[in-house]
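Engineer:
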Amino acid sequence: EAQVTQNPRYLITVTGKKLTVTCSQNMNHEYMSWYRQDPGLGLRQIYYSMNVEVTDKGDVPEGYKVSRKEKRNFPLILESPSPNQTSLYFCASSGRRQGQNEAFFGQGTRLTVV
Amino acid sequence: DAKTTQPPSMDCAEGRAANLPCNHSTISGNEYVYWYRQIHSQGPQYIIHGLKNNETNEMASLIITEDRKSSTLILPHATLRDTAVYYCIVSSRGSQGNLIFGKGTKLSVKP
């Protein structure tokens, strides 16, 4: 089954404690991206990757890092989380071959930073 | 990528067709119209996309005006499970992995 898997689904952490949210896709997709969703602000892109070792900043990259060492994985790293990073996070992937038109999204990670 | 404009909310009676409009007056020739929906706080789900011809799949139909400046997503027989936020996104082929979401339309299907 084609899927994007995020872990963990829920996380409560304290300010300043480094954390990583993992994202993995099983569709051999080139593109992967991270979004955060906040009430009233909608889905905003954090980082974007077109392929292995290629990443670009989205609209709200401050406070986040990503890496794309393998095609299937695209972890989101918060080196020093702060309360304003409390949010619902989504990972997405899509392919660039003919016929690959849709982006697939993970089920989300709800992060609370206290 | 071109911007889109959608009404913030719409209601639809269960079993009736839901017609969701989207304006994208600055769309360029190589840009497609994509529709996604998000049910509650789940991950967004792809519905349909098109370039200039009308499209239909098992979920919905997409009607694009001849000048391509607007489109309508049609859910032919809305059910309560279609209650969701619907996003219209314009993006060039090859950028469908770099989707920029607007605020979308909150569709409420009522019994």
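Residue numbers (our numbering), protein chains in the order written: chain A, 20 to 133; chain B, -8 to 102.
Cβ atoms here follow ideal geometry from the backbone N, Cα and C, with glycine treated the same way.
All of these numbers come straight from a predicted model, not from anything done at the bench.
#1: Would B:Asn89 and A:Tyr50 be called neighbours here (beta carbons separated by less than 8 Å)?
#2: Between A:Leu60, A:Glu81 and A:Asn92, which has its C-alpha nearest A:Val73's C-alpha?
#3: Can you tell me whether DSSP reads A:Pro102 as helix, strand or coil?
#4: Which term fits B:Val81, buried or exposed, when burial requires 16 or more other beta carbons within 10 angstroms of its beta carbon?
#5: Starting from B:Leu53, follow the beta strand (DSSP E) in both directions and report where the run begins and ends.
#6: Taking 8 Å as the threshold (beta carbon to beta carbon), is B:Leu42 in contact with chain A?
#7: Among the candidates A:Lys37, A:Gly35, A:Thr34 and A:Asn47, whose CA atom is the shortest distance from the CA of A:Glu20?
#8: Report all residues from its chain with a CB closer than 7 Å to the CB of A:Lys36; omit the five preceding and five following residues, and keep chain order.
#9: B:Gly93 versus chain A: which residues are under 8 Å apart at the beta carbon?
#10: Counting only the same chain and skipping the five closest in sequence on each side, list residues whose C-beta sits under 8 Å from that of B:Ala51.
#11: Going along the chain, which residues of the region 63 to 83 of chain A sit with their C-beta nearer than 9 Å to a C-beta in chain B?
#12: Considering only C-alpha positions, which residue in the set A:Asn120, A:Glu81, A:Thr32 and A:Cys42 is nearest to A:Gly127?
#13: Assuming contact is defined by CB atoms lying nearer than 8 Å, are B:Thr17 and B:Lys(-6) in contact in what I supplied?
#14: What does DSSP give as the partner residues of A:Met51 in its beta bridges?
#15: Roughly how many angstroms separate the alpha carbons of B:Ala8 and A:Arg87, rounded to a whole number?
#16: Given B:Asn45, which residues of its chain have a CB within under 6 Å of its CB, disregarding the five upstream and five downstream residues?
#17: Going along the chain, which residues of its own chain have a beta-carbon closer than 7 Å to the beta-carbon of B:Ala75, five neighbours each way excluded?
#18: How long is the line joining the alpha carbons of A:Met69 and A:Lys76, rounded to whole angstroms?
#19: Shorter than 8 Å from the beta carbon of B:Leu90 to some beta carbon of chain A?
#20: Which residues, in order along the region 9 to 34 of chain B, keep a beta-carbon less than 7 Å from a beta-carbon of chain A?
#21: What does a CB cutoff of less than 8 Å around B:Glu5 pick up in its chain, not counting 5 residues either side in sequence?
#22: Measuring only the C-alpha atoms, how far is A:Val59 from A:Thr32?
#23: My assumption, with CB atoms under 8 Å, is that A:Gly125 sits in contact with A:Gln25. Please give the rounded CB distance.
Structural biologist: This is what the structure gives:
#1: Position 98 of the second sequence, counting from 1, holds the residue named residue 89 of chain B. Position 31 of the first sequence, counting from 1, holds the residue named residue 50 of chain A. Contact: yes.
#2: Counted from its first residue, the first sequence places residue 73 of chain A at position 54. Cα-wise, what sits closest to A:Val73 is A:Asn92.
#3: Position 83 of the first sequence, counted from the start, is the residue given in the question as residue 102 of chain A. Helix.
#4: Along the second sequence, one-based indexing puts residue 81 of chain B at 90. Label assigned to B:Val81: buried.
#5: Against the second sequence, residue 53 of chain B aligns to sequence position 62. From DSSP, the beta strand (DSSP E) with B:Leu53 extends over Ser52 to Ile55.
#6: For the purposes of this step, residue 42 of chain B is taken as the residue at position 51 of the second sequence. B:Leu42 is outside the set of residues whose beta carbon lies under 8 Å from a beta carbon in chain A.
#7: In the first sequence, the residue the question calls residue 20 of chain A occupies position 1. Considering only alpha carbons, the answer is A:Asn47.
#8: The residue you call residue 36 of chain A lines up with position 17 of the first sequence. If we look at A:Lys36 and ignore the five residues flanking it on each side, its Cβ neighbours are Pro100.
#9: Stepping through the second sequence from its first residue, residue 93 of chain B is reached at position 102. Within 8 Å Cβ-Cβ: Gly61.
#10: Within the second sequence, numbered from 1, the residue matching residue 51 of chain B stands at position 60. Here the set comprises Trp26, Ile38, Ile39, Leu64, Ile65, Leu66 and Pro67.
#11: Arg63, Gln64, Tyr67, Ser68, Met69, Asp75, Gly77 and Asp78
#12: Translated into positions along the first sequence, residue 127 of chain A becomes position 108. Closest option to A:Gly127, Cα to Cα, is A:Cys42.
#13: Within the second sequence, numbered from 1, the residue matching residue 17 of chain B stands at position 26. Within the second sequence, numbered from 1, the residue matching residue -6 of chain B stands at position 3. Cβ distance < 8 Å, so B:Thr17 and B:Lys(-6) count as in contact.
#14: Here residue 51 of chain A corresponds to residue number 32 of the first sequence, with the count starting at 1. In DSSP, A:Met51 forms a bridge with A:Ser68 and A:Ser112.
#15: As a working mapping, residue 8 of chain B is identified with position 17 in the second sequence. As a working mapping, residue 87 of chain A is identified with position 68 in the first sequence. Using only the alpha carbons, I get a separation of about 43 Å.
#16: As a first step, residue 45 of chain B is located in the second sequence; it is residue number 54 there, counting from the start. Here the set comprises Ile54.
#17: As a first step, residue 75 of chain B is located in the second sequence; it is residue number 84 there, counting from the start. Excluding sequence neighbours, B:Ala75 sits near Arg28, Gln29, Ile30 and Leu98.
#18: Position 50 of the first sequence, counting from 1, holds the residue named residue 69 of chain A. Position 57 of the first sequence, counting from 1, holds the residue named residue 76 of chain A. Whole-angstrom Cα-Cα distance: 11 Å.
#19: Position 99 of the second sequence, counted from the first residue, corresponds to residue 90 of chain B. For B:Leu90, the closest Cβ of chain A is nearer than 8 Å.
#20: Ser32, Gln33 and Gly34
#21: Here residue 5 of chain B refers to the residue found at position 14 when the second sequence is read from its first residue. Excluding positions up to five away in sequence, the list reads Ala69, Thr70, Leu71, Val100, Lys101 and Pro102.
#22: Looking up residue 59 of chain A in the first sequence gives position 40. Looking up residue 32 of chain A in the first sequence gives position 13. The question names Val, yet the displayed sequence has Gly at residue 59 of chain A. Spanning the two alpha carbons is a distance of roughly 24 Å.
#23: Your numbering for residue 125 of chain A matches position 106 in the first sequence. Your numbering for residue 25 of chain A matches position 6 in the first sequence. Correct: roughly 4 Å between the Cβ atoms.
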